[in-house]
Amino acid sequence: MKCFKNFSQILTLEKASQKDGRLLTPDDLSVLNKASIVFDEDKIHWVGLANELPKQFHHIPSHDCEGYVLTPEIVDSHTHLVFGGDRSFEYSMRLNGADYQEIANAGGGILSTMENTITTDEEELFQTGIERIERIASYGVGSIEIKSGYGLTVESERKISHVIDRLKKHFSGKIQIFNTYLAAHAVPKTYDNSHEYMQKVVYPLLEELAEQNIIDFIDIFHEEGYFNYQDSEELFKVATKLGIKIKIHADEFNDNKGALLASRYNAVSADHLLCTGEDGIDALANSQTVATLLPGTAYFLGKPLAEAQKFLKAGCKVALASDYNPGSCHCDNILLIASLCAKNFNLNMAQLWSALCLNSAHALGLYDQGALIAGNKPRFSFFKCSSIDQITYSWGRNFAISENQLIQETHQT
Ligand SMILES: [Zn+2]
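Residue numbers (the working numbering): 55 to 467.
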């Protein structure tokens with residue numbers, strides 16, 4: 055059992071959790087000033103004001119955490135961080151006025167990431183994966199989802215899924231990694247249609263990886279010109295049979311009814327949602343499927359943001375994630391993205407922090423974390439500052455520290 059006492063603030067998100075992360079008002083933030091927490095490896099035992107610590111916990115060795123802030127763990131529920139190559143030149147080309155075709159002609163675009171990911175060996179992908187995850191963790195993020203999808207052959211998709219599995223094992227006990235199978239990311243030109251690709255690549259490998267028990271979620275790029283309603287529905291049926299939870303890239307380019315499909319199949323999340331119509335928003339609001347918005351992508355591409363207010367007002371559970379990837383959002387810092395988009399989305403503080411911690415945990419099926427209440431998993435983020443206001447106010451400044459750092463910097467009593 056451990057006791058961290060006297061935090062300048064603890065953000066519990068208790069009320070937000072009682073409201074299942076929906077229709078939150080500023081009062082639902084639940085911040086305790088001068089507060090303490092008691093926990094062991096498995097669960098939180100008590101959270102409250104420091105001067106109300108129950109007697110039975112008085113004997114536990116504790117650390118004095120004045121000058122620090124504790125929040126529920128920040129979760130990044132949507133990344134594509136295993137990839138080979140570098141596309142920085144493309145971003146500069148785009149700033150200089152180049153369009154999609156000019157970039158493709160210069161050897162850029164998603165095909166270049168695929169070629170580079172296919173030719174990069176497993177060990178190198180694993181090592182760069184470690185570096186990227188450590189950097190993301192340094193911002194205070196403790197759970198990270200990673201999608202495959204830059205291989206698009208059985209062999210290279212297998213390699214990527216195995217790299218994610220190795221990363222998961224490498225960080226086990228510290229950072230929670232979730233392995234999402236997104237072989238249905240695009241259809242290579244060598245196939246006549248999406249159906250043929252699904253039959254020849256997506257399903258055979260899914261079966262193999264499911265048998266090895268290394269897949270946490272399946273995902274599909276459900277967009278016009280990529281995978282159609284029939285492809286997605288069939289994949290969801292197979293995944294349901296295999297007991298694998300569902301995520302979906304939905305309604306990014308047009309209203310393709312991805313959100314509707316997601317709620318119908320109890321997906322843990324539907325992501326992007328730039329063009330979702332009212333029927334899709336209603337369906338999400340009446341389901342457990344989290345509406346995950348990825349504003350970093352819109353910023354990166356200079357496109358309009360999703361209409362967050364429509365989802366929030368309808369009663370959806372809204373999460374934010376980075377979508378960290380080499381082409382459309384090379385930003386791995388979800389706290390920075392959240393700070394930037396908060397006002398454009400008109401998020402209140404309860405909505406903002408729930409989108410980072412509570413609803414984003416639900417977007418990974420983690421229903422026992424995301425709020426600091428007794429019985430929940432002890433998954434935390436620690437910040438070296440005196441209030442949560444400072445964290446999202448100071449765009450791009452990193453206040454996060456690890457639990458080990460906190461223990462070293464504070465004295466035991
Ligand atoms: Zn994505």
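Just so it is clear, CB atoms sit at the ideal spot from N, CA and C, and this is done for glycine as well.
Are the Cβ atoms of residue i and residue j separated by less than 7 angstroms?
i: L103; j: A89; result: yes
i: D130; j: A415; result: no
i: A264; j: L315; result: no
i: A373; j: N413; result: yes
i: A425; j: E68; result: yes
i: G194; j: I128; result: yes
i: A404; j: P80; result: yes
i: A468; j: V256; result: With the chain represented from 55 up to 467, any question about residue 468 goes unanswered, as that position is not in the structure.
i: F58; j: I98; result: no
i: A313; j: L338; result: yes
i: M147; j: I157; result: yes
i: I442; j: Q63; result: yes
i: L259; j: R212; result: yes
i: L328; j: A360; result: yes
i: C370; j: A392; result: no
i: T464; j: D118; result: yes
i: T330; j: D305; result: yes
i: F307; j: E277; result: yes
i: H438; j: I461; result: A small correction: the amino acid at residue 438 is Lys; His does not occupy that position in the sequence shown. No, the Cβ-Cβ distance between K438 and I461 is not below 7 angstroms.
i: A324; j: I300; result: no
i: F281; j: S317; result: no
i: V217; j: E262; result: no
i: M55; j: D96; result: no
Checking contacts by CB at 7 angstroms: is residue i closer than that to chain D?
i: F354; result: Note that chain D does not occur in the displayed structure, where there is just one protein chain.
Between residue i and residue j, which are expected to be in contact by the criterion C-beta below 8 angstroms, what is the C-beta distance as a whole number of angstroms?
i: D270; j: I302; result: Actually they are not in contact, since the Cβ atoms of D270 and I302 sit about 15 angstroms apart, beyond 8 angstroms.
i: W407; j: L124; result: The Cβ separation is near 12 angstroms, so there is no contact.
i: D309; j: L348; result: 17 angstroms between Cβ atoms; not a contact.
i: I200; j: I229; result: Between I229 and I200 the Cβ distance is about 11 angstroms, and since that is not below 8 angstroms, they are no contact.
i: Y319; j: F290; result: 4 angstroms
i: K243; j: N233; result: That belief does not hold up - the Cβ atoms of K243 and N233 are roughly 27 angstroms apart, past 8 angstroms.
i: Y353; j: L410; result: Not really, about 17 angstroms apart at Cβ, beyond 8 angstroms.
i: L420; j: S84; result: That belief does not hold up - the Cβ atoms of L420 and S84 are roughly 19 angstroms apart, past 8 angstroms.
i: Q444; j: F453; result: 7 angstroms
Does the Cβ of residue i have 16 or more other Cβ atoms within 10 Å, making it buried, or fewer, making it exposed?
i: G51; result: No answer is possible for residue 51: the residues shown for the chain start at 55 and end at 467.
i: L366; result: buried
i: Q466; result: exposed
i: H112; result: exposed
i: Q459; result: exposed
i: G381; result: buried
i: N379; result: buried
i: N60; result: buried
i: Y283; result: exposed
i: S448; result: exposed
i: E144; result: buried
i: G334; result: buried
i: S341; result: buried
i: R141; result: buried
i: L355; result: exposed
i: G350; result: buried
i: M252; result: buried
i: L423; result: According to the sequence as given, residue 423 is Gln; it is not Leu. Buried, because 16 or more other Cβ atoms sit within 10 Å of the Cβ of Q423.
i: G121; result: exposed
i: D246; result: exposed
i: K397; result: exposed
i: K357; result: exposed
i: G279; result: exposed
i: G75; result: buried
Within the present structure, is the beta-carbon of residue i separated from the nearest heavy atom of ligand 3 by less than 6 angstroms?
i: E68; result: Ligand 3 is not among the ligands present in this structure, which contains only ligand 1.
inquiry  = Pairs of beta-carbons, one from the segment 378-397 and one from the segment 125-135, closer than 8 angstroms: are there three or more?
reply    = yes
query = Residues with a Cβ closer than 6 angstroms to any heavy atom of ligand 1, in chain order?
reply = H132, H134, H303, D377
message = With three or more beta-carbon pairs closer than 8 angstroms as the criterion, would you say the segment 105-119 touches the segment 426-433?
response = no
message = Check whether the segment 162-178 and the segment 194-209 touch, using three or more Cβ-Cβ pairs below 8 angstroms as the test.
response = yes
Stretch pair the segment 144-158 + the segment 172-191: three plus CB contacts closer than 8 angstroms = no
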